[in-house]
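Notes for the one structure printed next.
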Amino acid sequence: MSLHLVEEDGHLQPEKKLTEYLASLVTPAGSQGSANGDNDDDNALSAVGLNYHVVAVFGGQSSGKSTLLNHLFGTDFQMLDERVRRGQTTVGAFMAQANTTLSGFETADLVSPAADLASPSPDRSSRLNRAAAAATKEEEAGAAAAGARPTKSPLLVLDFEGTDGLERGEDQSLDRQLSLFGLSVADTLIVNMWAVDVGRFHGANLSLLRTIFEVNLQLFNHENYEAEEKPTLLIVLRDFTEEDAAPSLATVRKSFDTIWESVTRPPQFADATIDALFHLKYYVMPHFKLQKEAFAASVGTLRRWFGDSHSENYLFRHPAMFRGVPLEGLPTYLTNCWEAIRTSKDLDIPTQREMLAQHRCKEAKEQELKTFRGFTRHYEDRLQKGDMLLRLTEVLDEEVETRLTSYYRQTRLYQGDVMGQYAADLETELVDATMQVVNKFSKAIAAEVLSNTESRVLGCVEESYRQLVKSAQSLPFLADDKTADKAGPWAGSQVMDSAGCQRLARGFWRTLSVQLHALVSEVATMPPPAHLYGRYASLIAQDPTARLNVLNVVTDALFQKVRSRISSMADSVFDTMHAGFERSLTHNADGTVRFFSTTKGIQKAVPSALQSGMVVLGSLLYFRLKLQALKDCDGDEEEGELAAPAESQSRSARRVKGNCREIVFEENEAEAAFYLSYSTLDSAPKYPYDVPVVSEDAGDSDSAAADARCVLLTQQATLRAYELYKQKCDFTTQLQLRAVEAGNNSLPAWVFPVMLALGWNELMYVVTSPVLLVLTIVICVVFFKNFFVSQWYKFEETGPASVVIPLQAVVRTVKHILGLLSAIGKDARSSQAERGGAMEMRDVPASTHVDAAASSTHVPTAPPTLRHRGNRKEN
Numbered sequence: 003m004s005l006h007l008v009e010e011d012g013h014l015q016p017e018k019k020l021t022e023y024l025a026s027l028v029t030p031a032g033s034q035g036s037a038n039g040d041n042d043d044d045n046a047l048s049a050v051g052l053n054y055h056v057v058a059v060f061g062g063q064s065s066g067k068s069t070l071l072n073h074l075f076g077t078d079f080q081m082l083d084e085r086v087r088r089g090q091t092t093v094g095a096f097m098a099q100a101n102t103t104l105s106g107f108e109t110a111d112l113v114s115p116a117a118d119l120a121s122p123s124p125d126r127s128s129r130l131n132r133a134a135a136a137a138t139k140e141e142e143a144g145a146a147a148a149g150a151r152p153t154k155s156p157l158l159v160l161d162f163e164g165t166d167g168l169e170r171g172e173d174q175s176l177d178r179q180l181s182l183f184g185l186s187v188a189d190t191l192i193v194n195m196w197a198v199d200v201g202r203f204h205g206a207n208l209s210l211l212r213t214i215f216e217v218n219l220q221l222f223n224h225e226n227y228e229a230e231e232k233p234t235l236l237i238v239l240r241d242f243t244e245e246d247a248a249p250s251l252a253t254v255r256k257s258f259d260t261i262w263e264s265v266t267r268p269p270q271f272a273d274a275t276i277d278a279l280f281h282l283k284y285y286v287m288p289h290f291k292l293q294k295e296a297f298a299a300s301v302g303t304l305r306r307w308f309g310d311s312h313s314e315n316y317l318f319r320h321p322a323m324f325r326g327v328p329l330e331g332l333p334t335y336l337t338n339c340w341e342a343i344r345t346s347k348d349l350d351i352p353t354q355r356e357m358l359a360q361h362r363c364k365e366a367k368e369q370e371l372k373t374f375r376g377f378t379r380h381y382e383d384r385l386q387k388g389d390m391l392l393r394l395t396e397v398l399d400e401e402v403e404t405r406l407t408s409y410y411r412q413t414r415l416y417q418g419d420v421m422g423q424y425a426a427d428l429e430t431e432l433v434d435a436t437m438q439v440v441n442k443f444s445k446a447i448a449a450e451v452l453s454n455t456e457s458r459v460l461g462c463v464e465e466s467y468r469q470l471v472k473s474a475q476s477l478p479f480l481a482d483d484k485t486a487d488k489a490g491p492w493a494g495s496q497v498m499d500s501a502g503c504q505r506l507a508r509g510f511w512r513t514l515s516v517q518l519h520a521l522v523s524e525v526a527t528m529p530p531p532a533h534l535y536g537r538y539a540s541l542i543a544q545d546p547t548a549r550l551n552v553l554n555v556v557t558d559a560l561f562q563k564v565r566s567r568i569s570s571m572a573d574s575v576f577d578t579m580h581a582g583f584e585r586s587l588t589h590n591a592d593g594t595v596r597f598f599s600t601t602k603g604i605q606k607a608v609p610s611a612l613q614s615g616m617v618v619l620g621s622l623l624y625f626r627l628k629l630q631a632l633k634d635c636d637g638d639e640e641e642g643e644l645a646a647p648a649e650s651q652s653r654s655a656r657r658v659k660g661n662c663r664e665i666v667f668e669e670n671e672a673e674a675a676f677y678l679s680y681s682t683l684d685s686a687p688k689y690p691y692d693v694p695v696v697s698e699d700a701g702d703s704d705s706a707a708a709d710a711r712c713v714l715l716t717q718q719a720t721l722r723a724y725e726l727y728k729q730k731c732d733f734t735t736q737l738q739l740r741a742v743e744a745g746n747n748s749l750p751a752w753v754f755p756v757m758l759a760l761g762w763n764e765l766m767y768v769v770t771s772p773v774l775l776v777l778t779i780v781i782c783v784v785f786f787k788n789f790f791v792s793q794w795y796k797f798e799e800t801g802p803a804s805v806v807i808p809l810q811a812v813v814r815t816v817k818h819i820l821g822l823l824s825a826i827g828k829d830a831r832s833s834q835a836e837r838g839g840a841m842e843m844r845d846v847p848a849s850t851h852v853d854a855a856a857s858s859t860h861v862p863t864a865p866p867t868l869r870h871r872g873n874r875k876e877n
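To convert, take the position in the sequence shown, counting from 1, and add 2; that gives the numbering used here.
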């Protein structure tokens, strides 16, 4: 049954009615009326896909167009009844389906000219190819099981209103609109022409052909014209009674060339022939009334042109211009085209197909994304409740594959570029939604890890700081000691080793990065350590993607925590510097506590302590750690999917591995020069103002410039920190000097010569008496030991280095030798005691052995305590 597609007033049937009509054509009888309604119609049309063709006919009014179509395709278009009247029979346009059970359609095969659109292009990722292939196989298997796939290609026939009719008069606007509509719809356009009108202009209806040529140029007047999309123009000469058709066909071709030369053509077709726009075919038919048997045989032959794919003249052998619109999208496409034609808009057929593909692909994308978000919402709710979700990422990845497969099943027949673009967008949004759930899952676990590593992170900073202060304390000055002695109590003229100070600053950041890397490596250990992951250890071991994502979250959090700690140290940098000064002043280079007995000893230690704080200032000038993308994130510890090749990994796994980063110490050319330059202790270090510093908004991340976000101290902040630091150090040094002076109550220098003169006789008496001399020495050692030791310490602090250093070496050597002799003596006594004990045990009964062993106790020897020297009051 035919459908009045375009009515007399130019109104196109609604899109919904077109869908219902097409569905009725392809749905087997008895299967309609399902409760699913529109879904059944969409499924029926989707089963056809691109396996259909459209034929349209044009010609003069009352030229027998409907008669030809009814005989050729078995349609039921209304025909002219000359016994009633001659005039307009077809008004607007009608649509019907060809009866493929007629002779000539038996060998019609399914032809899929757009099969290349069913799968993604080779340059797309293998993941997309596999998803598209899975969708294709699933659809074919489902259609085969349901028996819903048509066995032959549906052939739609359009019968258009005749031209040059009395009813329209001189108004040719609808003729042009219908011509444009027919060319935008049909694969093959039949031009019905009477044989007796060959050579005439109006009689042969060549004005219609001129219109067809012009509107075809309008359809394809674009840069992306493809020759494979040109339609077939079949010229049928009706009621031909001559024996030789060659002269008539030559005249027709000449008429076509004449019309083509008179048509204004765009530059790309300036030198082209009419064959550049059409596949031209000709067919001659005998007289309908005078040669009925020959006419019927001719109809059967022509029918094979449309229905027999093995025929030499098969018309659908070439890809049709309409190949990019599946049957389910035909109603929307017809509506858009007719609306564009009626509103006098420029109609570009490839653009219309692209718009249709975008519409359908966007709908499918939004539908699949909505379904997936509903799926993930369930797991988000469970995470909020604190549920322990095993293999969460694996479940989400499987659902992502399901959604992509469903998308390809719905859109695989539309334009490949548009389908691929929306598929890539859908994949990105699906992975984003997946990572949203995985990140919530990972953050809960990362919080547990961070709580167990927080003290260690701060310990890394403190340890690096201590090593920096210790190294700065031992860094020698470039000036000699004589210059320092002449410079006063603060030794301000000491020349600092600027390169050495910068080297220590680099070492501080390098040490910090190494310690943080060791901590991150411990977090990444497999199996996950329980002291870090707590109750999540066994859970995270079964989900490698989530485990790696937890590691990424922890790495970022550790980096931010270290940055926050360093920034707080830089905010109160003069206090941080002063802490380094105090540590250097009160501790030796080996870390032991140092006490001073003389003011001169403090004055000698102050320059090194001042230098330690100055080096701290240079180290806190710029934050030198970076979060750098980790190129090889596989590692030896990874297992399962993360250790597989990248093309076989899930999308979320690839996303997580792409986010892998590491904390490194790395400098570009500008950052390597962005250090303070030192001269002397009594002058502020020079700020590197000549080094380019780029802000976040204006800078190129690849340029060789320092990052303004990493600059912790400005030039003004550096100068202010230096001044405050010197003030605090002066105050601290004064306090130390006063404490030392208050504790030093020494006898006047003249007391010792006087005592020697008055007690000379007694001294000689003691020296000449061996017993009394030994007794005196013992008493001095016992009661005046601290006095002698303090005097030795004073000598170490105040004596010349040329004498102190050799004496210190001698003392250390003597102590070492005495220690060795003591150890040897102890070993000898213990060996002798063991031999004596063994001999005694041989004479003791066994029960006594047991009792002795049970009653014996072991008392550990207390470790020797470190004796520090302090300010002692001498008597």
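No residue lacks a Cβ here, since even glycine has one placed at the ideal position from N, Cα and C.
When you compare only the Cα positions, how much space is there between leucine 5 and tyrosine 23?
8 Å
Give every residue of the same chain whose Cβ lies closer than 8 Å to the Cβ of valine 433, excluding the five residues on either side of it in the sequence, and list them in chain order.
Val402, Arg653, Ser654 and Arg657
Would you list the residues sitting across from phenylalanine 96 in a DSSP beta bridge?
His6 and Asp161
Report buried or exposed for alanine 120, applying the criterion of at least 16 other Cβ atoms within 10 angstroms of its Cβ.
Caution is warranted here: a pLDDT of 39 is assigned to alanine 120, below 50, making its placement in the model unreliable, and no coordinate value can be reported.
Beta-carbon proximity list for leucine 251, same chain, < 7 Å, skipping 5 on both sides
Beyond the five residues adjoining it in sequence on each side, leucine 251 comes within less than 7 Å, by CB distance, of Tyr284 in the same chain, given in chain order.
When we look at the beta-carbon of lysine 817 and count the other beta-carbons within 10 Å, is it buried (16 or more) or exposed?
exposed
With 16 other CB atoms within 10 Å as the buried threshold, where does tyrosine 54 fall?
buried
Mark lysine 659 as exposed unless 16 or more other C-beta atoms lie within 10 angstroms of its C-beta, in which case mark it buried.
Classification of lysine 659: buried, given that the 10 Å Cβ count is 16 or more.
Considering only their Cβ atoms, is the gap separating phenylalanine 510 from serine 1 smaller than 8 Å?
With the chain running from 3 to 877 in the structure shown, residue 1 is simply not present.
To the nearest whole angstrom, what separates the beta carbons of aspartate 161 and leucine 71, a pair I think is in contact under 8 Å?
Taking C-beta atoms under 8 Å as the contact rule, aspartate 161 and leucine 71 qualify, at a distance of about 6 Å.
Below 8 Å, can you find three or more Cβ-Cβ pairs linking the segment 617 to 633 to the segment 564 to 573?
Output reads yes: the segment 564 to 573 touches the segment 617 to 633.
Endpoints, the alpha helix (DSSP H) within which threonine 601 is located:
Unbroken alpha helix (DSSP H) run through threonine 601: 601 to 621.
Three-pair Cβ contact test at 8 Å for the segment 187 to 197 versus the segment 55 to 65
yes
Cβ pair serine 614, glutamine 475 closer than 8 Å
yes
Since phenylalanine 107 sits in a beta bridge, which residues does DSSP pair it with?
Bridge partners of phenylalanine 107: none, in fact.
Considering only residues of the segment 346 to 403, which uninterrupted alpha helix (DSSP H) runs meet the minimum length of 4 residues and lie entirely inside it, listed in chain order?
351 to 386
In whole angstroms, what separates the C-alpha of leucine 185 from that of aspartate 427?
Rounded to whole angstroms, leucine 185 and aspartate 427 show a C-alpha spacing of 34 Å.
Whole-angstrom Cβ separation of serine 444 and alanine 548, contact assumed at under 8 Å?
6 Å
Residues in its own chain within less than 6 Å of alanine 672 by CB, not counting five upstream and five downstream?
Val693, Pro694, Ala706, Ala707 and Ala708
How close, in whole Å, do the beta carbons of glutamine 810 and isoleucine 604 come, if the pair is a contact with beta carbons under 8 Å?
The C-beta distance from glutamine 810 to isoleucine 604 rounds to 19 Å, too long to meet the 8 Å contact threshold.
Is it a yes or a no for the segment 712 to 732 touching the segment 572 to 579, going by three-plus beta-carbon pairs under 8 Å?
yes
I need the boundaries of the beta strand (DSSP E) containing histidine 589, first residue and last residue.
Neither: histidine 589 is in no beta strand (DSSP E) and is coded neither H nor E.
Locate the alpha helix (DSSP H) running through phenylalanine 479, then write down its first and last residues.
Counting along the chain, phenylalanine 479 falls outside any alpha helix (DSSP H), and DSSP gives it neither H nor E.
If we call anything under 8 Å between Cβ atoms a contact, is leucine 560 one with valine 522?
For the 8 Å CB-CB criterion, leucine 560 and valine 522 form a contact.
Taking the alpha helix (DSSP H) that tyrosine 416 falls in, what are its first and last residues?
That residue, tyrosine 416, is in no alpha helix (DSSP H); it is neither H nor E in DSSP.
For leucine 868, count the other beta carbons within 10 Å of its own beta carbon; 16 or more makes it buried, fewer makes it exposed. Which is it?
A caution first: leucine 868 carries a pLDDT of 31, below 50, which makes its placement in the model too unreliable to give a value.
Sequence-distant residues of the same chain with beta carbon closer than 7 Å to valine 327, five excluded per side:
Excluding positions up to five away in sequence, the list reads Tyr335, Arg355 and Leu358.
DSSP beta-bridge partners of tyrosine 624
Val713
Taking the beta carbon of leucine 820 as the centre, do at least 16 other beta carbons fall within 10 Å, making it buried, or is it exposed?
exposed
Among residues of its own chain, excluding the 5 on either side of alanine 611, which ones have a beta-carbon nearer than 6 Å to its beta-carbon?
Phe583, Ser586 and Leu587
Per-residue burial, cysteine 782 [other beta carbons within 10 Å of its own, 16 or more giving buried]
Counting every other CB atom within 10 Å of its CB across the protein chains shown gives cysteine 782 a total below 16, marking it as exposed.
Could you check whether threonine 557 and glutamate 664 sit closer than 8 Å to each other, using their CB atoms as the reference points?
Pairing glutamate 664 with threonine 557 gives a Cβ-Cβ distance under 8 Å.
Please return the same chain residues whose Cβ sits closer than 7 Å to the Cβ of tyrosine 316, not counting the five positions on each side in sequence.
Around tyrosine 316: Trp307 and Asp310.
Through-space distance from proline 687 to leucine 714, alpha-carbon basis
16 Å
Restricting to Cα atoms, I'd like to know which of Ala296, Ile276, Glu245 and Val471 is closest to threonine 260.
Ile276
Throw me the rounded Cβ distance for the threonine 234 and phenylalanine 280 pair, which I believe falls under 8 Å.
Taking C-beta atoms under 8 Å as the contact rule, threonine 234 and phenylalanine 280 qualify, at a distance of about 7 Å.
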